[in-house]
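Presented below is the structure to which this report refers.
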Amino acid sequence: MHRAESMSAELPNLPVHPLVQDDRVHRDLYTDADLFAQEQQRFFGRAWVFAGHGSQMPEVGDFITVSLSGQPILLLRDAPDRIQAFFNRCAHKGSQLYAQAQGHVGKMLRCPYHAWSYRLDGQALARPLKDGYVGTGLDASPNGQGLTRLPGVRVYREFVFVRLSPDGLDFDTYFGDALRAIDNMVERSPVGRLEVAGGVLRNTMACNWKMYLENINDSVHPVSAHESASSVARQMWQQQPSGAPMPMAMEQILPFANGYDFFDQMGARIHPQGHSLLGVNFSIHSAYAVLPEYQAALEAAWGVERTQEVLQRSPQNAVLYPSIALKGSPLSMRVIRPLAVDRTLVEAWSFRAVGAPDVLLERAMTYNRLVFSPMSVVAHDDVHLFESIQQGLQAQGQPWVSLHRNHVAGESAQSPADTNSANEWLMRNQYRAWAQAMSQPLASELA
Amino acid sequence: MSAADVQAVQDFVLAEASLLNHALYREWLALFAHEGRYWVPLGGIDQNESDTHNALADEDRLLLSLRVERLLAGRAHSQQPASRSAHVLQAPQVDLCDGQRAEVYTPFTYVESRGEQQIWLAGHWCHRLCREDGAWRIALKRVNLVNAGAAHLAIQLFP
């Protein structure tokens, strides 16, 4: 255990947001619709949010659409090495240019309503009845300027992140060393390339997004929350003839039956801006079967030392706050999208590591299906509890949510830091980042 | 296909739905062949068996029994209160039946309720049946949901 020592008792403990204290947060964070609307602007607007993956748009002209903070977004590959991020509305009257999840635009974008067209870089190209605009103010107005680009877009090793507001930190400052979690995934491919594969499992749940993100870092709940699945799995496995080969599904489910010590000692790393890494020392994914030929291929690509680093690091979850949680093994990513104060979309994506054995994709798909599907018996208990919390927090008797476990005064000055994994510092760290953003109006609010 | 064989296969599918509707999950599981599989492909009707594509559920008898025993053990948080389901079937259409194997197509609507909440799904079943120990058994039950790839609330029982 590497719990950070208290650095100083003199550090001021003034809350930057009245609803976020050093060791607890107010229930309004989860239940207040007005706060949710403000949060979409101030917090999600400033955040670098995952929008898509380059492998979804391999060819020039390929696009995907996604909804972020209720806004329609169009990602489009306009050059072999460039992806554009536009608001998905025609400059004319606001029709979405493309309504399907993904596709190919051809040589230009064209609105289905009045056939206004745009170059792949978003510049206005043509519109019917152009004489009708002579002498009008269209060309000088924003409606005549082509598609509107998002204020921020950054492609990091094919992971596309966007920022909806002009305000906010630059990408590298925002994520810092938390990006090593993406490196770890990408370098599981001997050619350094991942592809989204096998379909995306999609869930809606009647809870605030914070329940889900907190739970990704909650290494204490499996013992009680998942007892119904893990104890039955353990009993069933004990009834199998000894020496029977363990199916992949059992290899993935049985570690949920570990006890509190296991889940506390896996270790965690706190990164600035709410990011984190759970399972620094080991995780429920550490004991998957080794693949010698694959390991040799990685060693040829990255060297023995780096390969050791990549393969030994099987974190439970790396959170790139607030939109994704990554695992290196299995190659699985969860994408968290707030839909309303009490409604959240959670997607489970699987990756193929190009040049790696097929079994890696199979592990990702199997894990996602067993643990993150709408039909998963593991997820059922989680989702029930998130939805129960959403109801429980309607109670007015006691408005605070406790995040006291292992709290040490002054810890917020010490990020990045390593700590025990049961430490609710992982959640406190998220809310400190949230409070920072929420306490500062956007430039657009002050204008 | 003799009329009696076709009738027997149709009755098998209707009886299967009845077991689910009456929450007799162990009895339902006993209808599966030793190598039987319950499969809800993520791509619905468009997904081929050979595609490398995920599923909402893809379970052999071991995983199905985990699911069933968890439901029956009474310790699952998400089953307080317990879910109930109703399958409303169109008449099963027997596409093949040679005495040893049968293939059946059965459109359905499905309601799963729990407390005050209810979800509604629709699609069709594709059964592949085999003979095992002198009786029809499920080699494959494929459930094609019309909205398989959509974002779903929890589906806790067996569409």
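Quick mapping for you: the protein sequence lines, in order, are chains W and G. Heads up: the first sequence runs through residues 1 to 447, numbered per the numbering used here. Heads up: the second sequence runs through residues 1001 to 1159, numbered per the numbering used here. From the three backbone atoms N, C-alpha and C, an ideal C-beta is built for every residue, glycine too. Note that the structure is predicted; figures quoted are calculated from it, not measured.
Three-state secondary structure (DSSP) at residue 156 of chain W? strand
Taking buried to mean at least 16 other C-beta atoms within 10 Å of its own C-beta, is residue 390 of chain W buried or exposed? Burial check for residue 390 of chain W: the Cβ neighbour count within 10 Å reaches 16 or more, so the residue is buried.
How big is the Cα-Cα spacing for residue 108 of chain W and residue 195 of chain W? 26 Å
Give me the Cα-Cα distance between residue 330 of chain W and residue 145 of chain W, rounded to the nearest whole angstrom. 45 Å
Within 10 Å of its beta-carbon, does residue 1013 of chain G have 16 or more other beta-carbons around it, so buried, or fewer, so exposed? buried
If you count every other CB in all the chains shown that lies within 10 Å of the CB of residue 1106 of chain G, and 16 or more means buried, which is it? buried
Taking only beta-carbon atoms, is residue 1087 of chain G less than 7 Å away from chain W? Not closer than 7 Å to any Cβ of chain W, the Cβ of residue 1087 of chain G fails to qualify, so no.
Proximal chain G residues relative to residue 385 of chain W, where beta-carbon distance stays under 7 Å: 1077
Relative to the alpha-carbon of residue 442 of chain W, which residue among W:164, W:269 and W:278 has its alpha-carbon at the smallest distance? W:164
When you compare only the Cα positions, how much space is there between residue 294 of chain W and residue 1052 of chain G? 20 Å
Residue range of the beta strand (DSSP E) that includes residue 338 of chain W: 332 to 340
Along chain G, which residues have their Cβ under 7 Å away from the Cβ of residue 285 of chain W? Neighbours of residue 285 of chain W on chain G: none; closest Cβ ~18 Å, over 7 Å.
Going by C-alpha distance, which of W:203, W:431, W:112 and W:141 is nearest residue 97 of chain W? Among W:203, W:431, W:112 and W:141, the Cα nearest to that of residue 97 of chain W belongs to W:112.
6 Å Cβ shell around residue 412 of chain W - same chain, five flanking residues per side excluded: 432
Can you grab the Cα-Cα spacing for the pair residue 1158 of chain G / residue 157 of chain W, in whole Å? 40 Å
Looking at residue 1003 of chain G: is its Cβ nearer than 7 Å to the Cβ of residue 1089 of chain G? no
Assuming residue 101 of chain W and residue 73 of chain W make a contact with CB atoms under 8 Å, what is their CB distance in whole Å? Rounded to the nearest angstrom, the Cβ distance from residue 101 of chain W to residue 73 of chain W is 12 Å, too far for a contact under 8 Å.
Three-state secondary structure (DSSP) at residue 426 of chain W? helix
My guess is that residue 279 of chain W and residue 430 of chain W are in contact by the Cβ rule of under 8 Å, so how many angstroms apart are they, rounded? Contact doesn't hold; Cβ gap of about 17 Å is too wide.
Quick one: does residue 373 of chain W have its CB under 7 Å from some CB of chain G? True, the Cβ-Cβ gap to chain G drops below 7 Å.
Identify, in the order they occur along the chain, each residue of the same chain with its Cβ nearer than 6 Å to the Cβ of residue 1140 of chain G, setting aside the five sequence neighbours on each side. 1037 and 1128
Considering only the beta carbon of each residue, do residue 286 of chain W and residue 332 of chain W sit closer than 7 Å? It is not a contact, given that the beta carbons lie outside the stated cut-off.
Let me know if residue 148 of chain W comes out buried or exposed under the rule of 16 or more other beta-carbons within 10 Å of its beta-carbon. Classification for residue 148 of chain W: exposed.
Against residue 198 of chain W, what residues of chain G qualify as contacts under a CB-to-CB distance less than 7 Å, listed in chain order? 1052, 1053 and 1054
Thinking residue 51 of chain W and residue 160 of chain W are a contact (beta carbons under 8 Å), I'd like their distance in whole angstroms, please. 5 Å
Listed by chain order, chain W residues near residue 1042 of chain G by CB distance under 7 Å: 199 and 201
According to the Cβ coordinates, are residue 191 of chain W and residue 408 of chain W closer than 7 Å? no
Excluding sequence positions up to five away, which residues of its chain have a Cβ less than 6 Å from the Cβ of residue 428 of chain W? For residue 428 of chain W, where only same-chain residues beyond five positions count, the Cβ hits under 6 Å are 403.
For residue 47 of chain W, write down the residues that DSSP places opposite it in a beta bridge. Residue 47 of chain W pairs with nothing; no bridge assigned.
In this structure, does DSSP put residue 346 of chain W in helix, strand or coil? strand
Listed by chain order, chain W residues near residue 1127 of chain G by CB distance under 9 Å: Contact note: residue 1127 of chain G does not reach chain W at a C-beta cutoff of 9 Å; the least C-beta distance is about 19 Å.
If you drop the 5 nearest sequence neighbours on each side, which residues of the same chain put their C-beta closer than 8 Å to that of residue 4 of chain W? Summary for residue 4 of chain W: the model assigns pLDDT 43, below 50, so the residue's position carries little reliability; its value from the coordinates is reported in the next sentence. Excluding positions up to five away in sequence, the list reads 408, 411, 414, 417, 418 and 419.
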